[in-house]
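Notes to accompany the following structure.
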Amino acid sequence: MKKELQRCGWCNSSELYQKYHDEEWGKPVYDDATLFEFLLLETFQAGLSWITILNKRENFRLAFDSFDYKKIAQYSDDKIQELLQDAGIIRNKLKVYSAVTNAQNFIKIQEEFGSFSQYIWGFVDHKPIDNFPKSLKDVPATSPISHAISKDLKKRGFKFVGSTVIYAYMQATGMVNDHVEDCWTRN
-10 MKKELQRCGW
0 CNSSELYQKY
10 HDEEWGKPVY
20 DDATLFEFLL
30 LETFQAGLSW
40 ITILNKRENF
50 RLAFDSFDYK
60 KIAQYSDDKI
70 QELLQDAGII
80 RNKLKVYSAV
90 TNAQNFIKIQ
100 EEFGSFSQYI
110 WGFVDHKPID
120 NFPKSLKDVP
130 ATSPISHAIS
140 KDLKKRGFKF
150 VGSTVIYAYM
160 QATGMVNDHV
170 EDCWTRN
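My numbering puts the last residue of the sequence shown at 176; the count rises by one with no breaks.
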């Protein structure tokens, strides 16, 4: 009989959630393309559950040109209207427009810092923060660093980047490791 892996409790409701938890969540991401993908997905997640976004991730990939921020930054009004008719994604007008704005600002950060990775990882001295939570109740929704990143991104014109969204982004991209103590990924 196969022994069931012990995981963080939030991911046990579906195989897709477990796969995301096991293979992506909390693993450090340094390449700009993946950092942008998670930024786009996290901004669309604002106010919704992450599983909703995961279930639509491949639809987002198709709709948003494989998360190519250079293409997204150039989207025309016609392309935006097309996205707003796409039932495979979240059709929130403000979020769709923010994807374009955020892509444009993402490129500006790359120009200023050499890469978005250099910019974002600078907030954590370029190494993951390991919180070692004992249980899910010990995992915060925000942190002083997520507040600082959120404030700086907003100052740079980014949208849907509140502190809670940014903390989730930090978890997704491995800037912070919030896998609970008895999770198999800690071994």
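Note that beta-carbon positions come from the ideal geometry of N, C-alpha and C, so glycine has one too.
- prompt: When you compare only the Cα positions, how much space is there between residue 40 and residue 6?
  reply: Answer to the nearest angstrom: the Cα atoms are 7 Å apart.
- prompt: residue 132 to residue 108, Cα distance in whole Å?
  reply: When rounded, the distance between both Cα atoms is 18 Å.
task: Going by CA-CA distance only, name the one from 30, 168 and 104 that's closest to residue 155.
output: Of 30, 168 and 104, the residue nearest in Cα terms is 30.
message: Any contact between the region 160 to 174 and the region 12 to 26? By contact I mean 3 or more CB pairs, one from each, below 8 Å.
response: Short answer: they touch.
- prompt: DSSP state of residue 165, grouped into three classes?
  reply: The three-state secondary structure of residue 165, taken from DSSP, is strand.
query: From which residue to which residue does the alpha helix (DSSP H) around residue 139 run?
result: 133 to 144 is the span of the alpha helix (DSSP H), which, as asked, contains residue 139.
- request: Starting from the C-beta of residue -10, find all residues in its chain whose C-beta is less than 8 Å away, skip the five residues before and the five after it, and write them out in chain order.
  value: Low confidence applies to residue -10: its pLDDT is 46, below 50, so where it sits in the model is not reliable enough to give any reading.
query: Secondary structure at residue 109, three-state DSSP: helix, strand or coil?
result: Looking at residue 109 - three-state DSSP - the assignment turns out to be helix.
- prompt: Which stretch, first to last residue, makes up the alpha helix (DSSP H) that contains residue 6?
  reply: Where residue 6 is concerned, the enclosing alpha helix (DSSP H) stretches over 4 to 12.
message: What would DSSP say about residue 119, mapped onto helix, strand or coil?
response: In this structure, residue 119 counts as strand in the three-state DSSP scheme.
task: Taking all protein chains shown into account, decide if residue 142 is buried (16 or more other Cβ within 10 angstroms of its Cβ) or exposed.
output: Buried: at least 16 other Cβ atoms inside 10 Å.
query: Alpha carbon to alpha carbon, how far is residue 89 from residue 18?
result: Between residue 89 and residue 18, the C-alpha separation is close to 22 Å.
field: Within the region 59 to 107, ranges of the alpha helix (DSSP H) (whole runs, at least 4 residues)
entry: Complete alpha helix (DSSP H) runs here, min 4: 66 to 73 and 82 to 102.
- request: Decide if residue 27 is buried, meaning its Cβ has at least 16 other Cβ atoms within 10 Å, or exposed.
  value: Looking at its Cβ environment, which holds 16 or more other Cβ atoms inside 10 Å, residue 27 is buried.
- request: Using only alpha-carbon positions, find the residue among 76, 78, 82 and 59 that is nearest to residue 66.
  value: The option with the nearest alpha carbon to residue 66 is 82.
- prompt: According to DSSP, is residue -10 helix, strand or coil?
  reply: Note that residue -10 has pLDDT 46, beneath the 50 cutoff, so the model's placement of it is unreliable and no number is given.
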